[in-house]
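One structure below.
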Amino acid sequence: MSTLYRWLINICLALFALSVVVPLLWVLMTSFKTGAEIFTAPWGLPHTLQWQNFVRAWQEAGIARYFMNSLIVTLAALAILLPVGAMAAYIFARYPFRGANWLFGAFLGGMMFPLFLTIVPLFLLLARLGLLDTLHGLTLVYVAYSLPFTVFVLTGFFQTLPQEMLEAALIDGCGHARAFWKVMLPLAKPGIIVVGVFNAIGLWNEYPLALVIMSSDERRTLPLGIANLLMVEQYQSDWGALFAGLVIVMLPVLLVYWLFRDRIHETMVAGALKG
Amino acid sequence: MTSQARSAFMAGFLLPATVLYALFVVMPVVQAFAFSLYRWRGISANRTFVGLENFRQLFADPIVWLAIRHNLLLFVGTSVVILAMAIALAHAIGHETGTARFLRAVYLFPQVISLVVVAILWMFILNPSFGILNATLKAAGLERWAIAWLGERSTALASIGVAHVWHALGFYIMLFAAALRTIPPDVMEAATLDGAMGLTRLRYVTLPMLWAVLRIALVYMAIGTMNIFSLVFLMTQGGPDRATEVMLTYLYEQAFKHSEFGYATALAVVNFVLVMALSGAILALFRHNPQEGRA
Chain Y
692 MSTLYRWLIN ICLALFALSV VVPLLWVLMT SFKTGAEIFT APWGLPHTLQ
742 WQNFVRAWQE AGIARYFMNS LIVTLAALAI LLPVGAMAAY IFARYPFRGA
792 NWLFGAFLGG MMFPLFLTIV PLFLLLARLG LLDTLHGLTL VYVAYSLPFT
842 VFVLTGFFQT LPQEMLEAAL IDGCGHARAF WKVMLPLAKP GIIVVGVFNA
892 IGLWNEYPLA LVIMSSDERR TLPLGIANLL MVEQYQSDWG ALFAGLVIVM
942 LPVLLVYWLF RDRIHETMVA GALKG
Chain C
1263 MTSQARSAFM AGFLLPATVL YALFVVMPVV QAFAFSLYRW RGISANRTFV
1313 GLENFRQLFA DPIVWLAIRH NLLLFVGTSV VILAMAIALA HAIGHETGTA
1363 RFLRAVYLFP QVISLVVVAI LWMFILNPSF GILNATLKAA GLERWAIAWL
1413 GERSTALASI GVAHVWHALG FYIMLFAAAL RTIPPDVMEA ATLDGAMGLT
1463 RLRYVTLPML WAVLRIALVY MAIGTMNIFS LVFLMTQGGP DRATEVMLTY
1513 LYEQAFKHSE FGYATALAVV NFVLVMALSG AILALFRHNP QEGRA
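Protein chains in written order, with the working numbering: chain Y, 692 to 966; chain C, 1263 to 1557.
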């Protein structure tokens, strides 16, 4: 391959990488600027680092509360989703029964229906159950809508585990349930971690369901809170705090993503190509 | 263990997931089709069966046609750009080297940050008073190009398309890169020996071998753009003057601003049918690989 061609290719690759990184760095840089600097020198470096932007975002703009709500909902959803999803996936992978294909298909079908097809009936159902605008209502909905992907990936994972391990446990007098909790689930830990991280990122970022389900300010999740700050007139004057808020939403996700990037990538490709 | 105990164990393990899923996903899906046949205003049980009236009204609603048009424009516009860039960059990223893995991780950043962040980020880039796009244009002496991108009817939809491409591109680069790695290296070598380089090799060797993934990617893009919501809702709310209205922002308006639950659900059903029809058409149109059997 000619050197010129190689160079051209490398420049294209670098340009796209820059188009991703530069806007993100711009947000980071702007979050340290004064309001005046943001307007007068959009490309300039901050004169002095305005850490107060983060303090104001955290304390006055309500980011602390939104952050806690997101943390509670994400962790609670994972705490229910992972065991419940793993249990179902384990049966699908290891205990054939009549109608299993049908039920499994019904679970996977959930990935096909767009969220907005169900949004009105879901909204009315939650209203009737008294779960509208509550953190536990949002948590349960998050669990239900994360189940198809979770069951799909974990079923595949349980199928790869050696059958002999289960048989040995059963011969040793373990019950089926005990064999699952003591032997199979620990073996499935790598799969559980990937699905957990995947769902954690998705739920932390989730917007449309939270938009429809949550209405009071004190129960807003982080994406909802940030979006609201943008729309509320009074904060449009405090751009510094708003940019700081954006950094606070992005940073945890990017850190977790960077730690698990290769596993996340594999899961994404496998899910897309098989699904 | 008796078979009865075994059945009890299986049922117990399946039950929690099945109940949650049936209650919050399956039942609402079924209800969606039923609700679309009612006139239903507000949360009260005040609903009347009107048959296909909502659908009749919907097809006479010019905003629905406008929204469908915008969804289709977004699909066609962004998928052409995404396909061209994704295949070129996936091709360029080459084999699993350290640099390739690093770039791949960076390319996926827009995919892992919240769409809310993507939307706000692009609103700031395109902001007429302090956005970096206009600042750059002014610095380059292109003052008259510096406009309110999201505020102009002529540029608002395209601006949202750009944000969507930025968000989605990394995923498709990765998808095509994974597919390219499954092509046996000797096929590529043979093609090179036969003198097929650059675009020729892309057209006669690479693209045909990518066909299956290409089909899937197009279906994904159709689903993604027909169901676009957050970006539009946050960046323009469908404005200015409905210039960026899409199916789901209109659905949201009908359901959660006007409490027209029946009408909104009918919109959801139409949108779902459209997505299925479009996906089916793509799968059928791209069933046959034009190069197959010729190579």
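By construction, the Cβ of each residue, glycine as well, lies at the ideal position given by its N, Cα and C atoms. Owing to the predicted nature of the structure, the values given are computational and were not obtained by experimental measurement.
- Per the DSSP secondary-structure output, Thr1454 of chain C pairs with nothing in a beta bridge.
- Exclusion of the five residues before and after Leu1513 of chain C leaves Ala1526, Leu1529, Ala1530 and Asn1533 as the residues of its chain whose Cβ lies within less than 8 Å of its Cβ.
- Between the alpha carbons of Gln743 of chain Y and Leu719 of chain Y lies a gap of roughly 14 Å.
- Residue range Trp930 to Leu950 is occupied by the alpha helix (DSSP H) that includes Trp949 of chain Y.
- Listed along chain C are Phe1286, each with a C-beta nearer than 7 Å to that of Val832 of chain Y.
- A residue is called buried when at least 16 other Cβ atoms come within 10 angstroms of its Cβ; Ser1416 of chain C does not meet this threshold and is exposed.
- By the neighbour-count criterion, in which 16 or more other beta carbons inside 10 Å mark a residue as buried, Met1497 of chain C falls on the buried side.
- Taking 8 Å as the threshold, the shortest C-beta distance from Tyr1283 of chain C to chain Y falls below it.
- At a cut-off of 8 Å between beta-carbon atoms, Arg1415 of chain C makes no contact with chain Y.
- Sorting C:Met1509, C:Leu1545 and C:Lys1519 by C-alpha distance to the C-alpha of Val1326 of chain C places C:Met1509 at the top.
- In the structure shown, Trp742 of chain Y falls within a coil segment according to DSSP collapsed to helix, strand and coil.
- Annotated three-state conformation of Tyr1525 of chain C is helix, per DSSP.
- A Cβ-Cβ distance of about 26 Å is found for the pair Ala1381 of chain C and Phe1438 of chain C, leaving them out of contact under the 8 Å criterion.
- Against Gly776 of chain Y, the close residues of chain C are Ala1279, in the order they occur along the chain (beta-carbon pairs closer than 8 Å).
- Looking at the DSSP output, Tyr781 of chain Y bridges to nothing.
- Under DSSP, Arg1303 of chain C shares a beta bridge with C:Glu1522.
- In this structure His1426 of chain C is not in contact with Ile1355 of chain C, their Cβ atoms being roughly 22 Å apart against a cut-off of 8 Å.
- Taking a contact to require three or more Cβ pairs closer than 8 Å, the region 805 to 823 of chain Y and the region 1308 to 1315 of chain C do not qualify as touching.
- A contact between stretches requires three or more CB pairs, one per stretch, nearer than 8 Å, and the region 832 to 843 of chain Y fails this requirement with the region 906 to 922 of chain Y.
- When DSSP states are grouped into helix, strand and coil, Arg1477 of chain C belongs to the helix group.
- In summary, Gln1516 of chain C is buried, with 16 or more beta-carbon neighbours lying within 10 Å of its beta-carbon over all protein chains present.
- In this structure, the straight-line span from the alpha carbon of Trp1302 of chain C to that of Val874 of chain Y is close to 52 Å.
- Taking CB atoms only, Val903 of chain Y has a neighbour in chain C less than 8 Å away.
- One Cα belongs to Phe1297 of chain C, the other to Arg1318 of chain C, and the distance between them is close to 15 Å.
- Neighbourhood of Met1436 of chain C in chain Y, by CB distance below 9 Å: His956, Met959, Val960 and Ala963, in chain order.
- Between the alpha carbons of Phe848 of chain Y and Val888 of chain Y lies a distance of about 15 Å.
- The continuous stretches of beta strand (DSSP E) do not include Phe843 of chain Y, which lies in the alpha helix (DSSP H) extending over residues Leu826 to Thr851.
- Only residues of its own chain outside the window of five on either side were considered, and among them Arg1504 and Glu1507 have a CB closer than 8 Å to the CB of Leu1328 of chain C, listed in chain order.
- In this model, Gly864 of chain Y and Val947 of chain Y are separated by some 40 Å (Cα to Cα).
- Nearest CB-CB separation between Ala708 of chain Y and chain C: below the 8 Å threshold.
- Following the DSSP letters along the chain, one finds Thr1398 of chain C inside the alpha helix (DSSP H) bounded by residues Ile1394 to Ala1401.
- Phe1311 of chain C is bridged by DSSP to C:Tyr1300.
- In the DSSP assignment, Val1379 of chain C falls within the alpha helix (DSSP H) that extends over Leu1377 to Ile1387.
- In the three-state DSSP reduction, Gln1499 of chain C falls in the coil class, being neither helix nor strand.
- Put simply, the CB of Pro1290 of chain C is near chain Y, with a gap under 8 Å to one of its CB atoms.
- Within the region 925 to 942 of chain Y, contact with chain C at the beta-carbon level (separation under 7 Å) is assigned to Leu937, Val940 and Met941.
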